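**Student:** I have a structure I would like to understand better, so I am pasting it below and will then ask my questions one at a time.
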Amino acid sequence: MDFALSEEQTAIFDMANAFGREHIAPYARQWEKDGTIPKHLWPKLAELGFGGLYVSEENGGAGLTRLDATLVFEALSRSCISVAAFLSIHNMCAAMLDRFADQTLRDKYLPLAISMEKVFSYCLTEPGSGSDAAALKTRASRTNQGFNLIGTKAFISGGGYSDAYVVMARSGDAGPKGISAFIIDDGSDGLSFGALEDKMGWRSQPTRQVQMDACAVPGENLLGDEGQGFSYAMMGLDGGRLNISSCSLGGAQAALDATLQYMGERQAFGKTIDQFQALQFRLADMEIELQAARVFLRQAAWKLDRGAPDATAHCAMAKKFVTEAASKVADQCLQLHGGYGYLADYGIEKIVRDLRVNQILEGTNEIMRVIVARALLANRP
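Going by the numbering used here, the first residue of the sequence shown is number 771, and it counts up by one from there.
If you want it as structure tokens, here you go:
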């Protein structure tokens, strides 16, 4: 068993980290104030292959493993969790196009997704269906030209900002097997957006409801087979949970790095505060938490890459453990900064705010416990 990263994986991490330091970190606070991420950033990321991280090489993507992808998101999140998380969402959509679209739909959208000339959003959650996603009510009705969609999606990152939307809608009976997936272009007739949500964190990501009122969708924009949309959406969630865990890990690591620097400069009672043993113990505890989280996350990614039968359970365990550990570490970092940690200038309070939602999205941490418990009970001796 080899826990070391390969030279290629180290290079991937270093490349993403260097990009974030140069092109994201200096501007992240301003983007948060503006409530948007400049679209010129995305093609720059695409030049590194980050627009199609796990899109197959034969279809023009980078063809990375899920473990490789966790390195990208951990590195970028050290500069801004919000930006990295939005890139994760786009990549989830690109992977669905790669894996499930027919050749016509793939040719129409996938090259634009990989180059990030088109930025994609993922639309599953509704005002009345979050954890119970299969209860969604958005309806797709057949027409002579394709489909008409009626319904509302909630908490959509990139709502009113993205160029295209992967939308799960009910084209058949109740239950998961009645759900299909569709691609809807921005500007389509019947597509509109709610007001900008005023959020605790991820404030640089525009978040709105996505509203469809007899929204016309061409038949060719059905993604994959009719009735398979929910299974496609669920297949992407294991990887999405790894990505969001990586974002938590990167953000918490950035907070710890900043705290180590601050404690070496801040003086109290005649010496720098990193010389007090009680505070050293707190630093040690945070380092232990993050190292454990990193190993757990990468093991789960390794299992997913190999198609291990317990991969889903391990992705759920990693998501629960890493996101909670990261939030706890970031909160402790704020505490060790004292009053300065509460000020925006030091960057720690932004990390605390941006990390909090990671325990909710991609399946709440309560649902992660349900997944783990079901696996335990199903496989007990």
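A virtual CB, placed ideally from N, CA and C, is assigned to each residue, including glycine. Just so we're clear, the structure is a prediction, and the values are computed from it rather than from any experiment.
Start and end of the beta strand (DSSP E) containing S927?
**Tutor:** Within the sequence shown, numbered from 1, the residue matching residue 927 stands at position 157. Looking at the DSSP string, the run of the beta strand (DSSP E) that includes S927 is G916 to S927.
**Student:** In whole angstroms, what separates the C-alpha of N1149 from that of D1080?
**Tutor:** Along the sequence shown, one-based indexing puts residue 1149 at 379. Along the sequence shown, one-based indexing puts residue 1080 at 310. For N1149 and D1080, the distance between alpha carbons rounds to 10 angstroms.
**Student:** Given this structure, state the Cα-to-Cα distance separating A1114 from K1120, to the nearest angstrom.
**Tutor:** If you number the sequence shown from 1, residue 1114 lands on position 344. If you number the sequence shown from 1, residue 1120 lands on position 350. So the alpha carbons of these two residues sit roughly 7 angstroms apart.
**Student:** For L1012, collect the residues of the same chain with a Cβ closer than 8 angstroms to its Cβ; drop the 5 residues on either side in sequence, then sort them by chain order.
**Tutor:** On the sequence shown, residue 1012 is found 242 positions in, with the first residue counted as 1. These residues qualify, in order along the chain: R836, A839, T840, L1067, A1070, A1071, L1074, C1085, A1088 and K1089.
**Student:** W801 to A816, Cα distance in whole Å?
**Tutor:** On the sequence shown, position 31 is the one that residue 801 refers to. On the sequence shown, position 46 is the one that residue 816 refers to. Whole-angstrom Cα-Cα distance: 20 angstroms.
**Student:** Assign L1146 to one of two classes, buried (16 or more other C-beta atoms within 10 Å of its C-beta) or exposed (fewer than that).
**Tutor:** Residue numbering aside, residue 1146 sits at position 376 when the sequence shown is read from its first letter. Exposed is the call here.
**Student:** Taking the C-alpha atoms as reference points, what is the distance between G805 and S852?
**Tutor:** Looking up residue 805 in the sequence shown gives position 35. Looking up residue 852 in the sequence shown gives position 82. Computed Cα separation, rounded: 11 angstroms.
**Student:** In terms of alpha-carbon separation, which member of V936, E1035, G989 and G971 lies closest to A1003?
**Tutor:** Here residue 1003 corresponds to residue number 233 of the sequence shown, with the count starting at 1. Ranking V936, E1035, G989 and G971 by Cα distance to A1003 puts V936 first.
**Student:** Need the endpoints of the alpha helix (DSSP H) that R1103 sits in, please.
**Tutor:** Along the sequence shown, one-based indexing puts residue 1103 at 333. Reading off the sequence, residue 1103 comes out as Cys, not Arg. Taken as a continuous stretch (DSSP letters only), the alpha helix (DSSP H) holding C1103 covers A1081 to L1106.
**Student:** For R914, does the count of other Cβ atoms within 10 angstroms reach 16, so buried, or fall short, so exposed?
**Tutor:** As a first step, residue 914 is located in the sequence shown; it is residue number 144 there, counting from the start. According to the sequence displayed, residue 914 carries Asn and not Arg. That one is exposed.
**Student:** Is the region 1028 to 1046 close to the region 968 to 984, with three or more CB pairs under 8 angstroms?
**Tutor:** As far as the Cβ criterion goes, the region 1028 to 1046 does not touch the region 968 to 984, which means the pair count is below three.
**Student:** Buried or exposed for R912, please, with buried defined as at least 16 other CB atoms from any protein chain shown within 10 angstroms of its CB.
**Tutor:** Stepping through the sequence shown from its first residue, residue 912 is reached at position 142. Looking at its Cβ environment, which holds fewer than 16 other Cβ atoms inside 10 Å, R912 is exposed.
**Student:** Check whether the Cβ atoms of V842 and L867 sit closer than 8 angstroms, and answer yes or no.
**Tutor:** Within the sequence shown, the letter at position 72 stands for residue 842. Within the sequence shown, the letter at position 97 stands for residue 867. The answer is no: Cβ separation not under 8 angstroms.
**Student:** Grouping DSSP H, G and I as helix and E and B as strand, with all else coil, what is D983?
**Tutor:** As a working note, residue 983 is residue 213 in the sequence shown. Strand.
**Student:** Relative to the C-alpha of D872, which residue among Q1045, E990, I1014 and D1124 is closest?
**Tutor:** Reading the sequence shown from its first residue, position 102 is the one you call residue 872. When only C-alpha atoms are compared, the closest one is E990.
**Student:** What did DSSP end up calling L837 once you bin it into helix, strand or coil?
**Tutor:** Position 67 of the sequence shown, counting from 1, holds the residue named residue 837. Three-state result, L837: helix.
**Student:** Consult DSSP for P897 and reduce its assignment to one of helix, strand or coil.
**Tutor:** Translated into positions along the sequence shown, residue 897 becomes position 127. Three-state DSSP puts P897 in coil, outside helix and strand.
**Student:** Using 8 angstroms for Cβ pairs, my map puts C985 next to L919. What's the rounded Cβ distance?
**Tutor:** The count along the sequence shown starts at 1 and reaches residue 985 at position 215. The count along the sequence shown starts at 1 and reaches residue 919 at position 149. So it is a contact: roughly 4 angstroms between Cβ atoms.
**Student:** Three or more C-beta pairs closer than 8 angstroms, one from the region 923 to 940 and one from the region 881 to 897: is that the case here?
**Tutor:** Counting Cβ pairs under 8 angstroms, three or more are found: they touch.
**Student:** Thinking C-beta only, is M1033 closer than 8 angstroms to I1043?
**Tutor:** Translated into positions along the sequence shown, residue 1043 becomes position 273. Translated into positions along the sequence shown, residue 1033 becomes position 263. Yes, the Cβ-Cβ distance between I1043 and M1033 is below 8 angstroms.
**Student:** Out of G1111, F870 and H810, which one is the CA nearest neighbour of L1026?
**Tutor:** In the sequence shown, residue 1026 corresponds to position 256, counting from 1. The shortest C-alpha separation from L1026 is found at G1111.
**Student:** Can you find the residues in the same chain that come closer than 7 angstroms, C-beta to C-beta, to R791, ignoring five residues on each side of it along the sequence?
**Tutor:** Stepping through the sequence shown from its first residue, residue 791 is reached at position 21. So the qualifying residues of the chain are S849.
**Student:** Could you compute how far the alpha carbon of L906 sits from the alpha carbon of S899?
**Tutor:** Residue 906 sits at position 136 when you count from the first residue of the sequence shown. Residue 899 sits at position 129 when you count from the first residue of the sequence shown. When rounded, the distance between both Cα atoms is 6 angstroms.
**Student:** DSSP beta-bridge partners for P988?
**Tutor:** On the sequence shown, position 218 is the one that residue 988 refers to. G916.
**Student:** Considering M938, what are the terminal residues of the beta strand (DSSP E) in which it resides?
**Tutor:** Working through the sequence shown from its first residue, we reach residue 938 at position 168. Element bounds for M938: A934 to R940.
**Student:** Using C-beta distances below 7 angstroms, list every residue in its chain close to L834, excluding the 5 sequence neighbours before and after it, in chain order.
**Tutor:** Stepping through the sequence shown from its first residue, residue 834 is reached at position 64. Excluding positions up to five away in sequence, the list reads L823 and Y824.
**Student:** For N803, which of helix, strand or coil comes out of DSSP?
**Tutor:** Sequence index remark: in the sequence shown, residue 803 carries index 33 (1-based). According to the sequence displayed, residue 803 carries Lys and not Asn. The answer is helix: DSSP assigns K803 an H, G or I state.
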